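Chemist:
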Amino acid sequence: MSAHELHLLSRAKMFNGHQEQYRCFSETCQTDMTFGIYLPPQVLKGYPAPVLYFLSGLHGDGSELIRQTGIQRFAAQWNIIVVFPDTSPRGSHISDSANEFIGQGAGFYIDATEQPWAVHYQMYSHISRELPDWVERHFPATQERSIAGFSMGGHGALSIALKNPGRYAAVSAFAPLCHPTASRGGKQAFAAYLGKESDAWQAYDSTSLVQTTSRKLPILIDQGGIDPLFPDELQPEAFVNAARANGFNVQYKVRPGYGHDYFFIASFIDSHIEFHAEALGL
1 MSAHELHLLS
11 RAKMFNGHQE
21 QYRCFSETCQ
31 TDMTFGIYLP
41 PQVLKGYPAP
51 VLYFLSGLHG
61 DGSELIRQTG
71 IQRFAAQWNI
81 IVVFPDTSPR
91 GSHISDSANE
101 FIGQGAGFYI
111 DATEQPWAVH
121 YQMYSHISRE
131 LPDWVERHFP
141 ATQERSIAGF
151 SMGGHGALSI
161 ALKNPGRYAA
171 VSAFAPLCHP
181 TASRGGKQAF
191 AAYLGKESDA
201 WQAYDSTSLV
211 QTTSRKLPIL
221 IDQGGIDPLF
231 PDELQPEAFV
241 NAARANGFNV
251 QYKVRPGYGH
261 DYFFIASFID
271 SHIEFHAEAL
281 GL
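Counting along the sequence shown from 1, when you hit position 1 you're at 1 in UniProt numbering, and nothing is skipped either side.
In structure tokens:
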């Protein structure tokens with residue numbers, strides 16, 4: 001497979017659009033990476049549309065968001081392309097760990113600097129630069145982008161948006177890991193991928209980033225009220241307070257009775273798509 005050549009793995013018609021899955025060799029991660037993409041009906045007719053990148057949580061690969069959230073119905077309605085990346089490189093040749101917070105399925109959307117992870121685990125660069133290049137090269141996509149995520153993917157969405165001022169119209173998250181340098185899982189992952197605690201950790205911590213970022217993009221966060229990771233592990237209030245103190249417009253809602261699952265996401269995905277549609281000027 002030549003550089004940037006996409007290999008179609010599957011295609012299904014859905015809400016008059018196409019849900020597709022691709023594989024491509026990643027120069028960033030030095031291995032094949034996969035991603036899902038929903039192409040609304042207008043896009044299939046050749047009309048360009050903006051792109052929403054939706055990042056999965058720990059041990060997800062994008063398929064759970066594709067199959068369990070109902071997002072395609074609203075993406076078709078608003079004419080938004082949705083891209084579902086994997087959470088890490090995968091395969092027998094890729095370093096892994098028995099620790100649930102490290103290794104395959106747990107890339108944490110950062111660029112690893114420690115061995116053996118640095119060879120393939122360059123997920124920040126893959127998501128923020130390489131994958132958009134693939135999408136905008138091969139599909140009728142505009143250069144207007146938005147980003148969202150769930151749990152570990154919420155951490156990825158928030159940190160990537162804050163590290164790239166002007167690149168995304170808005171960011172939203174369901175139950176995001178907001179302060180990884182102060183959480184059990186985040187500390188273990190960052191220590192493995194980035195080494196001993198240092199400024200490199202803060203460069204991927206959304207609660208730290210939001211205190212210094214100048215561009216105030218809109219932010220929407222939904223949090224399940226009976227989520228077992230809330231509030232100690234996820235710490236959304238620390239992020240929201242820091243963001244509002246720095247002048248960000250943050251919509252933050254705790255949803256009583258909802259947990260840390262895809263039932264929760266499916267219940268409120270329509271409001272997130274509408275939020276991004278407004279930010280994208282649709």
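Note that the Cβ used here is the ideal one computed from N, Cα and C, for glycine as well. Note that the coordinates shown come from a computational prediction; the quantities given were computed from them, not determined experimentally.
Could you pull the DSSP bridge partners for ALA173 from this structure?
Modeler: By one-based count along the sequence shown, residue 173 stands at place 173. Beta-bridge pairing links ALA173 to GLY149, ILE221.
Chemist: Quick check on the burial criterion: 16 or more other C-beta atoms within 10 angstroms. Buried or exposed for LEU8?
Modeler: Within the sequence shown, residue 8 is the residue found at index 8, counting from 1. Counting Cβ neighbours within 10 Å, LEU8 comes out exposed, since fewer than 16 surround it.
Chemist: Compute the distance between the beta-carbons of ALA173 and ALA148, then report whether it is under 8 angstroms.
Modeler: Position 173 of the sequence shown holds residue 173. Position 148 of the sequence shown holds residue 148. With contacts defined by Cβ atoms closer than 8 angstroms, ALA173 and ALA148 form a contacting pair.
Chemist: Are three or more beta carbon pairs between the stretch 178-194 and the stretch 83-96 nearer than 8 angstroms?
Modeler: No, the stretch 178-194 is not in contact with the stretch 83-96.
Chemist: Label ILE226 either buried or exposed according to how many other C-beta atoms from any shown protein chain fall within 10 Å of its C-beta, with 16 as the threshold for buried.
Modeler: In the sequence shown, the residue the question calls residue 226 occupies position 226. Its Cβ having fewer than 16 others within 10 Å, ILE226 is exposed.
Chemist: Can you tell me whether SER214 is buried or exposed? The criterion is at least 16 other CB atoms within 10 Å of its CB, across all chains shown.
Modeler: Numbered from its first residue, the sequence shown carries residue 214 at position 214. When all chains shown are included, SER214 counts as exposed.
Chemist: Measure the alpha-carbon distance for HIS272 versus PRO218 and round it to whole angstroms.
Modeler: By one-based count along the sequence shown, residue 272 stands at place 272. By one-based count along the sequence shown, residue 218 stands at place 218. Using only the alpha carbons, I get a separation of about 12 angstroms.
Chemist: Using only alpha-carbon positions, find the residue among GLU233, ILE71, HIS276, PHE101 that is nearest to HIS18.
Modeler: To locate residue 18, count along the sequence shown from 1; it is residue 18. Of all alpha-carbon atoms in GLU233, ILE71, HIS276, PHE101, the one lying nearest the alpha-carbon of HIS18 is that of ILE71.
Chemist: Going by DSSP, which residues form a beta bridge with ILE226?
Modeler: Looking up residue 226 in the sequence shown gives position 226. Partner(s): none; ILE226 has no beta bridge.
Chemist: Less than 8 angstroms between the CB atoms is what I'm expecting for GLY154 and ALA175, so what's the real figure, rounded?
Modeler: Reading the sequence shown from its first residue, position 154 is the one you call residue 154. Reading the sequence shown from its first residue, position 175 is the one you call residue 175. Between ALA175 and GLY154 the Cβ distance is about 6 angstroms, and since that is below 8 angstroms, they are a contact.
Chemist: Within the continuous alpha helix (DSSP H) that includes residue 286, where are the two ends?
Modeler: No information on residue 286 is available, as it lies outside the stretch 1 to 282 that the chain covers here.
Chemist: For the candidate residues HIS179, GLU278, LEU282, whose alpha-carbon lies nearest to that of GLN211?
Modeler: For the purposes of this step, residue 211 is taken as the residue at position 211 of the sequence shown. The option with the nearest alpha carbon to GLN211 is HIS179.
Chemist: Using C-beta distances below 6 angstroms, list every residue in its chain close to MET14, excluding the 5 sequence neighbours before and after it, in chain order.
Modeler: Reading the sequence shown from its first residue, position 14 is the one you call residue 14. Within the same chain, GLN72 come within 6 angstroms of MET14 by CB-CB distance, once the 5 residues on both sides are set aside.
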